[in-house]
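In short: position in the sequence shown from 1, add 75, done, that's this note's numbering.
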Amino acid sequence: MDVVDLKKKANKLRGDVLQMVTHANSGHPGGAMGMADDLTVLYYRYLRHDPQHPDWTDRDRFLLSNGHTCPILYAILADRGYFPREELWHLRTFGALLQGHPSTAWKIPGVEVSSGSLGNGLSVAVGMALAAKLSEKDTRIYCSISDAECQEGQPWEAATAAVHHRAD
76 MDVVDLKKKA
86 NKLRGDVLQM
96 VTHANSGHPG
106 GAMGMADDLT
116 VLYYRYLRHD
126 PQHPDWTDRD
136 RFLLSNGHTC
146 PILYAILADR
156 GYFPREELWH
166 LRTFGALLQG
176 HPSTAWKIPG
186 VEVSSGSLGN
196 GLSVAVGMAL
206 AAKLSEKDTR
216 IYCSISDAEC
226 QEGQPWEAAT
236 AAVHHRAD
C-alpha cells in the first residue's frame, strides 16, 4: 500500500470506530481514532503477522497497553481477517467477543495480551523482547502506551530495564 492508500484505509477504519462506539453507546472514540494512522501503517506495512495463523511463532507482536483505545485495534484485526467484521457491531455487548479492553480470556484472534491496568503493557513488551533476544528470534515487539501511563512508575522502570538489557 502506498501513502494515499494507507490514508484512505485509516479513514475507513476511523469510520468503523465511530460506528462501533455509536452502536455500543459506549467507548473512547477519540484515542482510538487518533491511533488510526499509526496502527494502519504498522499492520499494513511493517508488522509480520498472519491472520490465518494468529499463533504463528515467528510473528511480530503488538501490545495495546492503553486498552481503552481498543476499537481501532478491533477494526484493524477484523479488516485484516482475524475475525468476521460483524463482530465489530457487538462491541461492549455482554457475552460478545469484543469488550471494552482487549482480553486474552475472550481468545480474540490477534490480541497478544490483556490490558486494563495502565502501565503494565510496556513491562510485558520488554519481557517479550528479552525472551525473543535470548531465543535468538528476530521477532519485533511493538507496544502502544498512553500519556496517562507515563505518569506511572512501572513503564519507566520497564524502559530503563530495556535499555540496561539492550532489548532490541
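Here a beta-carbon is modelled for each residue, glycine too, at the ideal position from N, C-alpha and C. Quick caveat, the model's predicted, so the values are computed rather than measured.
Beta-bridge pairing by DSSP links residue 178 to no other residue.
With the rule of 3 Cβ pairs closer than 8 angstroms, the stretch 139 to 156 counts as touching the stretch 217 to 226. When C-alpha distances from residue 166 are compared across 177, 230, 156, the shortest belongs to 177. Between the alpha carbons of residue 198 and residue 229 lies a distance of about 7 angstroms.
Residue 97 sits exposed, since fewer than 16 C-beta atoms from the chains shown fall within 10 Å of its C-beta. Contact check between the stretch 109 to 126 and the stretch 146 to 153: three or more CB pairs, one atom from each, fall below 8 angstroms, which counts as touching. About 6 angstroms separates the Cβ atoms of residue 135 and residue 124, confirming a contact at the 8 angstroms cut-off. For residue 206, the closest alpha carbon among the candidates 231, 133, 95 is that of 133.
In the DSSP assignment, residue 158 is bridged to no other residue.
Under the three-state reduction of DSSP, residue 198 is assigned to helix.
Put simply, of 171, 235, 170 the residue whose alpha carbon is nearest the alpha carbon of residue 200 is 235.
Pairing residue 94 with residue 209, the inter-Cα distance amounts to about 43 angstroms. For residue 185, the closest of 156, 168, 101 by C-alpha to C-alpha distance is 156. For residue 136, the enclosing beta strand (DSSP E) covers residues 136 to 139.
According to DSSP, residue 219 shares a beta bridge with 139. Put simply, of 121, 105, 211, 89 the residue whose alpha carbon is nearest the alpha carbon of residue 77 is 121.
Taken atom to atom, the span from the alpha-carbon of residue 181 to that of residue 172 is near 6 angstroms.
If you ignore the 5 residues before and after residue 233, its C-beta comes within less than 8 angstroms of the C-beta of 197, 198, 200, 201, all in its own chain and listed in chain order.
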